[in-house]
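There are 4 protein chains.
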Amino acid sequence: MADTLISVDLSESPLTNENIHNRWHPDIPIGVWVDPGDEFKIETYDWTGGQIADNDDAADVRDVELEQVHYLSGPIGVTGAEPGDLLVVEILDIGAKEESQWGFNGFFSKQNGGGFLTEHFPQAQKSIWDFHGMFTTSRHVPGVKYAGLIHPGLIGCLPDQKMLDMWNTREKALFDTDPDRIPALATLPDGGPTAHMGRLKGEARDKAAAEGARTVPPREHGGNCDIKDLSRGSKVYFPVYVEGAGLSMGDLHFSQGDGEITFCGAIEMAGWLHLKVELIKDGMAKYGVKNPIFKPSPITPKYDDFLIFEGISVDEAGTQHYLDVHIAYRQACLNAIEYLKKFGYSGAQAYAILGTAPVQGHISGVVDIPNACATLWLPTDIFEWDMMPNADGPVKFLDGSIDVPLAPDL
Amino acid sequence: MADTLISVDLSESPLTNENIHNRWHPDIPIGVWVDPGDEFKIETYDWTGGQIADNDDAADVRDVELEQVHYLSGPIGVTGAEPGDLLVVEILDIGAKEESQWGFNGFFSKQNGGGFLTEHFPQAQKSIWDFHGMFTTSRHVPGVKYAGLIHPGLIGCLPDQKMLDMWNTREKALFDTDPDRIPALATLPDGGPTAHMGRLKGEARDKAAAEGARTVPPREHGGNCDIKDLSRGSKVYFPVYVEGAGLSMGDLHFSQGDGEITFCGAIEMAGWLHLKVELIKDGMAKYGVKNPIFKPSPITPKYDDFLIFEGISVDEAGTQHYLDVHIAYRQACLNAIEYLKKFGYSGAQAYAILGTAPVQGHISGVVDIPNACATLWLPTDIFEWDMMPNADGPVKFLDGSIDVPLAPDL
Amino acid sequence: MADTLISVDLSESPLTNENIHNRWHPDIPIGVWVDPGDEFKIETYDWTGGQIADNDDAADVRDVELEQVHYLSGPIGVTGAEPGDLLVVEILDIGAKEESQWGFNGFFSKQNGGGFLTEHFPQAQKSIWDFHGMFTTSRHVPGVKYAGLIHPGLIGCLPDQKMLDMWNTREKALFDTDPDRIPALATLPDGGPTAHMGRLKGEARDKAAAEGARTVPPREHGGNCDIKDLSRGSKVYFPVYVEGAGLSMGDLHFSQGDGEITFCGAIEMAGWLHLKVELIKDGMAKYGVKNPIFKPSPITPKYDDFLIFEGISVDEAGTQHYLDVHIAYRQACLNAIEYLKKFGYSGAQAYAILGTAPVQGHISGVVDIPNACATLWLPTDIFEWDMMPNADGPVKFLDGSIDVPLAPDL
Amino acid sequence: MADTLISVDLSESPLTNENIHNRWHPDIPIGVWVDPGDEFKIETYDWTGGQIADNDDAADVRDVELEQVHYLSGPIGVTGAEPGDLLVVEILDIGAKEESQWGFNGFFSKQNGGGFLTEHFPQAQKSIWDFHGMFTTSRHVPGVKYAGLIHPGLIGCLPDQKMLDMWNTREKALFDTDPDRIPALATLPDGGPTAHMGRLKGEARDKAAAEGARTVPPREHGGNCDIKDLSRGSKVYFPVYVEGAGLSMGDLHFSQGDGEITFCGAIEMAGWLHLKVELIKDGMAKYGVKNPIFKPSPITPKYDDFLIFEGISVDEAGTQHYLDVHIAYRQACLNAIEYLKKFGYSGAQAYAILGTAPVQGHISGVVDIPNACATLWLPTDIFEWDMMPNADGPVKFLDGSIDVPLAPDL
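Protein chains in written order, with my numbering: chain Z, 1 to 410; chain U, 1001 to 1410; chain C, 2001 to 2410; chain L, 3001 to 3410.
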């Protein structure tokens, strides 16, 4: 039996837990140590640290304090790990906490970060997803049921000071190109009271908090990649930058679509991971690795019948963009939403499905100037009903009486 | 037995074939007609119309005349098809022409269109791929062998005048933002001598040629989507804009990776398609369809063991970009190339593999500001050797004596 | 959260637990009730009720008391279920008990039941398998690792008296054709002291024990089918014979190959199931169902690269049998064992792999007189090493220093 | 381009073609030779040599001359092949002959060989299947459509005299246990006029014909295995018994279910194969190979949603048999047929589906005395309609106006 090295109590604030942190900094002390070859478990909060409740009111999503995120469990030290090594992490299993068999999906208000389709869904909305063993359903989105492709949205090792400085420099440069933009172009170190630097205290804490990188973006070390396929059963090779590696993780998702388009985003949950670690000495140079690489799991849900939607890089106003995959994928998503509405779903329900179900987003063509072509792969087996086109036209399966709760702020 | 409605003779110029065209225009006459429910075959040239030869000299790729492309077979009329319908096309089979059991992959010179990694591979290079039944190998890229995921890179219906005008307007607007750029931001109608308007002749031909859209980008009708999964066995629902639909296609690929990153691009070949057509009357409105949608084939190669590479939207110079999936995917591709080089491949060979093998490109995260995260899924079963990382480090399987031919022009 | 309706304490004898039984009889009282639509959990012993220990001595497998098996949890009543209905059981999840993260595989002595290859492996042997999250490995069988395809070996509803009588009559008739055979042709009701009739006591218990069918074979109600694909995530339609249905189950397997050829047999474990039940009223007649039918899980391990071995119905002595699939499959298994021995496995290790890994056994041809043809599909991804044939011949990966413990009795 | 080494003319009798034979004997001369590493094509008749026509009359199936079968193309010599080697055959592609885009499935009369369910379907019946590129449909079995899993039902190398003698001895011994049985227990050498010994003539022909083994059963060399997964794209390792190997094949199937239960049996067709051969010297001993082994194709139809039917070894009369997989599979098939009849199919249509569609037959349990458990996996995606059970009961999609033609002889 694997020991639980980091525990979390969902009834207490993550700010009181010394094995939690929410910024990246090399000075965050490693609190627990393991050896190569060890198996162990750790627990995690949901990414917001418990700000969102299992109810039908989206006010908590509207009012979420994003400066708190993401609450990570770690850093975990691996004896013998040195800069330049690859830390091999086998994710042997992941689950929701026994007392918390539910998750949430939200659209943030455009005032508070928004999401991929924030121009179309500018207000805060929330759907709750109940877990039934390996499956999930939502009382706010009838007619769909999925097996979970459970994964940590965020996982990686501590940066060293040089890498941290590089992150801060380049992100500040981008931010400065439009500092008043809402939402902002980047989230910068803020040193504020909610910067949780683990067991670092006093001046050392304040210095680290002032320069600690936010956990929002994915970076060289992995971090907030939100890759749905980095799931239970996968084997990941992480770059190591500091002695002991300092592995941290959190932001567990029960299920998510490629792109995590709703931003909040996946079906977010608190839970636990069962891990095993090994080292490849000097692996970064040996294999030319800059960002993590991974072998996906042998055990994932089989949703392999699809209806596929195309999108090109012409935006909603008809303006032509140059090979812009971001816009092309947005069009593919909007096309899928329009399609689903014909069967009775509200736009918000369709958006929630694309964010939470194991949809695939493929970069199909990126060279045929001036249009990128992206495809959104909608798995058809997640629906209770037959959603394929036919000569008779679509059947409205839903009457609109149920929708995703909305909390206005505009 | 299905009749062959359009034949091509690879020993003759496509310009002499009345059932071929290389521009999009509603006035291009429909030459062959079928009824809903019909099965039929058509033949196609490779997209360049035979400009590239099966040899070890990349000069033809360097000197290719891109104003000629793409040579399409069609338009095919479907009786009863009206604007607003969906044309349902079942791709019952596709193959290479019996006398032409090979294909090519090329990198265009940066002077002549370039490709996804043109800054890294600025000169013309060419690899030749031989077909062995369902499989392909290349004398220029040892150690890999794939079953073909054969598909038309380009397929769609004729636009009406209104849609054509919209295309031309928006692409011209983009082009005009940087008219001297090389490569250009968009390819505009040119009315030149190589504009092949099918059986349209004289003044009517000249007028149509002058405003006929180039076939390069994917657009609302589908067109040059280069979606590898729109393969033999798939069922596609195309928007119809003109009476009779006017379905055309070409640019057959024996195999391709997501993104078709080498631009020329896939394993390009001449061949034939076996098709069946049906109609969904008024289907565009019924299903809210703007771009084509499709159901992929039940019969595709099983390459489902992967090594996955991550990329983020920080470019090669270290500059931070905002949620730019194009850059993120480029980084993932470059990471994969660096990895493959450790096993002895040249950069050009690795690039050719990413362009021709059934790699997947996923839009993994598009909301975690400021970094998009894209993943490149490299199928491991295409390699003769074990390419997974291990504690011993990579083995050099290749000694560099073989490479992809290059024809300099810089 | 689903409630646990039946608990088991692994430190206590199953004979003391009123929600356990080990014979089939309509008089066994239903102890717990649920409604259609309910979700709930139940716990189970391993099939032997704890007779086998996690150690390196096969004496417990040699000396196992088979008259005790199988210990089942139930019967569970479903309100409204009537004879002729179909009971729809969704297996939402299954797991090992937290305190018991291991399982066992054994070959019974030929004196005590034997197994599929008992002539080749006549003595008792035992391998222990440790669970690592979703995966398992054995200290007795190096070089293999599998994700679990976890399933109940035994599940079904109580028979009514008429069906019970039919079972007893036909099995007695077979037994009587060779009553002295070892192993016996069938296990008949024995009424002995280890017949556990749940909460039935006194005379009623004795009467039921005397005629209660043994749990060994699969029958019309399902029962001991040992179908590896009836796993977590599957949806099963069971015939109902008595008021309330009376669903019971046990004999959990972490992993098993088609045929469960080692008899003891799979990786046997104690654990829990999370279930949901529904009814199809009069479903047996509506759908013509005699034996259970099921839809397999959307989430199963992906072991889809195989090396396939053929076998025909000529036995080890060279005698020709008529379309005998049993013999053909035995030959395919023996062929696979010979193959694995070339890589250094002992015969017992190879046999244990075929019994525990998700191998497939296909009935490939049953009409080409006089030979049946069966195929054994060995998944290659379960091995640490490359097990495919090549021109150089096999590499011996194992030196024979480790083997499966044996406890002699012959 | 691969050369066609053996051609067949479907308008001429196979008895006139010197590269065809229908018995196994070491003296059959090798007519064409290839080298290791060579690619080549060969053509084949359908297994009956053209006795069955594309019409709606089953008389030809009723009156088929089975002493003629199977017409094989070969033997093909491989230079350097010696007894004890493994001949590695890559099946690079298979197809129907261009002029013969159809196949047949038949039930033989019980007077003439019968089939797996001959007691239930004792009379001759025939269904015709039209090919539509990669797909097939039948005018006699509405509502189903499958992509072809095309394979040679029969392929293997010539036996040496010792092996031939062993075959003849053991099969005669079985035959002699019930020499008057109809259908016979085995088909023995007959030396009759339809024994086609290739280019062997005169006395040598007569001698070989008198002892040449019939091609009906699978044997050590492979032969008539009827394994649906030994399909285009697979790689097979065949034992070699004679100098030059002497590879022959035929009996092409467009599609077939596990067991080939209708005997005639699959969708039978004439066609061609594209092959590549290699040798593993002394491979039989190196790898302990007695029967062929193979690696299945990376490109097969994806029919992976199933409804699974169980069967146990209690026969239709209620008699208990001991671990008899043959009977268990028959019960699973009969259960599936009863299920399909509820949706409107006739029994014969359902039987034809089980024989021709890519159904799987698994040996699920073979140790739980006295019942074997077999499962029949019915792919649900081959049906136009939703065939899953639900609370409302089945819908009759067919009105019985169409059925499989029958030609009485009883």
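The beta carbon of each residue, even a glycine, is placed where N, CA and C say it ideally should be. Since the structure is predicted, the reported quantities are computational estimates derived from the model, not experimental observations.
Taken in chain order, the members of the stretch 1273-1303 of chain U whose beta-carbon sits within less than 8 Å of a beta-carbon on chain C are Lys1302. Rounded to whole angstroms, the separation of the alpha carbons of Phe108/Z and Trp1033/U is 52 Å. The alpha-carbon of Ser73/Z is positioned some 15 Å away from that of Ala96/Z. Between the stretch 1075-1089 of chain U and the stretch 1272-1284 of chain U there are three or more C-beta pairs closer than 8 Å, enough to call the two in contact. In the three-state reduction of the DSSP assignment, Asn2022/C falls in the coil class, being assigned neither a helical nor a strand state. For Gly2192/C, the closest C-alpha among the options Ala2209/C, His2274/C, Asp2386/C, Ala2266/C is that of Ala2209/C. Looking at the DSSP output, Glu1268/U sits in a beta bridge with Phe1104/U, His1253/U.
Glu3384/L is positioned such that its CB atom lies closer than 7 Å to that of Gly3143/L. Looking at the DSSP output, Cys2157/C shares a beta bridge with Leu2247/C. Under a criterion of Cβ atoms nearer than 7 Å, the residues of chain L adjacent to Leu2174/C are, in order, Gln3320, Tyr3322, Pro3370.
At a cut-off of 4 residues, the continuous stretches assigned as alpha helix (DSSP H) that sit fully inside the stretch 48-125 of chain Z are 59-62. The beta carbon of Gln3101/L falls within 7 Å of a beta carbon belonging to chain U, placing the residue at that interface. Distances from the CA of Phe116/Z to each of Val1325/U, Gly1202/U, Met1269/U, Asp1046/U were compared; the closest alpha carbon is that of Val1325/U. Close partners of Arg2170/C in chain L (Cβ separation under 7 Å): Val3314, Gly3318, Thr3319, Gln3320. The DSSP-derived three-state label of Leu354/Z is helix. Scanning chain U for C-beta atoms nearer than 9 Å to the C-beta of Ala3147/L yields Gly1233, Ser1297, Pro1298, Ile1299, reported in chain order.
Shown here for Gly3212/L: same chain residues with a beta carbon closer than 7 Å to its own, the five before and five after excluded, namely Arg3023, Trp3024, His3025, Pro3189, Ala3195, Met3197 in chain order.
The stretch 291-339 of chain Z contains, as complete beta strand (DSSP E) runs of 3+ residues, the segments 293-295, 299-301, 306-312 (chain order). Taking C-beta atoms as the reference points, Ala2374/C and Ala2332/C count as a pair closer than 7 Å. Contact of Glu1338/U with chain Z by beta-carbon distance below 7 Å involves Gly288. By the CB criterion at 7 Å, Thr1048/U and Gly1250/U fall outside the cutoff. Asp3054/L counts as exposed, since fewer than 16 other C-beta atoms from the protein chains shown sit within 10 angstroms of its C-beta. Contacts with chain C at 7 Å (Cβ-Cβ) do not include Pro3036/L.
Counting other Cβ atoms within 10 Å of its Cβ, Arg3330/L reaches 16 or more and is therefore classed as buried. Using a 10 angstroms sphere on the CB of Glu3119/L, the tally of other CB atoms stays under 16, which defines it as exposed.
Close to Tyr3237/L, with beta-carbon spacing below 8 Å, are these residues of chain C in chain order: Pro2389. For Ala2208/C, there is no enclosing beta strand (DSSP E); the enclosing alpha helix (DSSP H) covers residues 2202-2211.
Cβ-Cβ separation between Asn3335/L and Asn2335/C: approximately 31 Å, too far for a contact (criterion under 8 Å). Within the model, the alpha-carbon separation for Gly103/Z versus Asp1305/U is close to 30 Å. Restricting attention to Pro2036/C, Glu2012/C, Val2008/C, Pro2408/C, the CA atom closest to the CA of Ile2042/C is found in Val2008/C. Taking every protein chain shown into account, the CB of Gly2031/C has 16 or more other CB atoms within 10 angstroms, so this residue is buried. Under the three-state reduction of DSSP, Ala348/Z is assigned to helix. Per DSSP, the beta bridge partners of Tyr237/Z are Val88/Z, Ile293/Z. Interface annotation, Asp1206/U: not in contact with chain L, CB-CB separation never under 7 Å. In the DSSP assignment, Ala1285/U falls within the alpha helix (DSSP H) that extends over 1283-1287. A contact is defined here as three or more CB-CB pairs under 8 Å, and the stretch 1168-1178 of chain U fails this definition with respect to the stretch 3123-3131 of chain L.
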